[in-house]
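Worksheet: one structure, shown below.
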Amino acid sequence: MLKMTIRRVVGLSRMVLKVAVPVFAMSLLMTSPARADFSEGYKFLEAVKKKEGDKVEEAIMKSSQIINAKDVTTGEGALHIVTARRDLTWLSYLIAKGANVNATDDRGRSALELAVNLGWREGAQLLLDQKASPDTSNDAGETPLIFAVHRKDLQLTKALLEAGANPDRSDNSGRSARDYAKIEGGSAQLMSVIETYGKKGAKTAKPVYGPTF
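Under mature numbering (1 follows the signal peptide of the UniProt record, and there is no 0), the letters of the sequence shown match residues -36 to -1, 1 to 177, in that order.
What follows is the structure, encoded as C-alpha cells:
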C-alpha cells in the first residue's frame, strides 16, 4: 500500500511539473519586456541622480522616450530630480532633449512647483520660458502661485502672473493665491503685484479639486 501511494505521489508530481514548467516559461516571456523597460528607466534616473552624463546621453540615444521615465514608487521624473538639486545646467539639457515640463509625480507636483517651493527663481523662470503651465495644481489643488504667495516672493509671484497664472484659482480648501495674500498678512507690495498682473474678472473661479491640465 505504501509503495502504491508513493508511486501515485511521484506520478502526480511529474504531471504538475509538466504543466508548471511551460506556464513558468511563458510567464517569463510575458514579463521580461516590462522588466526590461523598468530596468532601463531605473538606470536612466539613477544616472541623472549621479550626474553621469555619458550614461544619460547613451540611454536617450537608444530611446528618446526614456527622457520621461518615472520612478515607480514616487512618480518623479528626471526634471523633478534636477530641480530638487537646483541644477540649471541639467534642467536645460533635459528640456532640450524633450523632457515634458508639465510632468507630475504621484502627488501631482510639477517641476515648476518644486522650483517655486525652493525659491529657485532661475529654474522657475526657465520652466516658464519653456511653456510650463503656471496653473498645474497638485493633489491638494495648490498651484505654484499659491506657493509663491506663501513664500511672499514678489519676483516669483510676478513671473507666474506674467506667464498667465490665475490668482483666483482655488485649492481644495477653497482659497486662492489672492485669498492667502490677504489672510496671511502679506505686504502691500504683494497685493499690488497680484492686482497689477493678475487676471481680471477671475473672481468667479470655482475651487479646483486635484490636478487640472
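Ideal placement from N, C-alpha and C gives every residue a C-beta, glycine not left out.
It should be emphasised that the depicted structure is a prediction, and the values quoted were computed from it without experimental measurement.
- Boundaries of the alpha helix (DSSP H) harbouring E126: L118 to E126, taken from the DSSP string.
- Proximity to L76 across G128, S56, E21 and S97 peaks at S97, based on C-alpha coordinates.
- In the structure shown, G41 falls within a strand segment according to DSSP collapsed to helix, strand and coil.
- Between L78 and T107, the C-beta gap is not smaller than 7 Å, which leaves the two residues out of contact.
- In this structure, the CA atom of I45 is about 13 Å from the CA atom of Y57.
- In this structure, V65 keeps its C-beta atom at 7 Å or more from the C-beta atom of Q29.
- Straight through space, the alpha carbons of E40 and A104 are spaced by roughly 17 Å.
- Taking a 10 Å sphere around the C-beta of T68, we find 16 or more other C-beta atoms and assign the residue as buried.
- Counted as a single uninterrupted DSSP element, the stretch harbouring G72 is not any alpha helix (DSSP H), since DSSP gives it neither H nor E.
- Sequence-distant partners of I110 (beyond 5 residues in either direction) whose C-beta falls short of 7 Å from its own C-beta, in its chain, are D135, A141 and Y144.
- In this structure, G87 keeps its C-beta atom at 7 Å or more from the C-beta atom of L120.
- A direct Cα-to-Cα measurement between M25 and S101 gives close to 32 Å.
- Counting other Cβ atoms within 10 Å of its Cβ, S156 stays below 16 and is therefore classed as exposed.
- Within its own chain, the residues whose Cβ lies closer than 7 Å to the Cβ of L118, once the five positions on either side in sequence are excluded, are Q153, L154 and V157, listed in chain order.
- Per DSSP, T100 is not a residue of any alpha helix (DSSP H), being assigned neither H nor E.
- Residue pairing by DSSP puts S140 in a beta bridge opposite S134.
- Taking G128 as the centre and dropping the five residues before and after it, the same chain places the C-beta of P98 closer than 6 Å to its C-beta, in chain order.
- For K26, the three-state secondary structure derived from DSSP is helix.
- D35 is the residue among P131, D35, N130 and K14 whose C-alpha sits nearest the C-alpha of D70.
- When DSSP states are grouped into helix, strand and coil, K34 belongs to the strand group.
- For R85, the secondary structure class from DSSP, reduced to helix, strand or coil, is helix.
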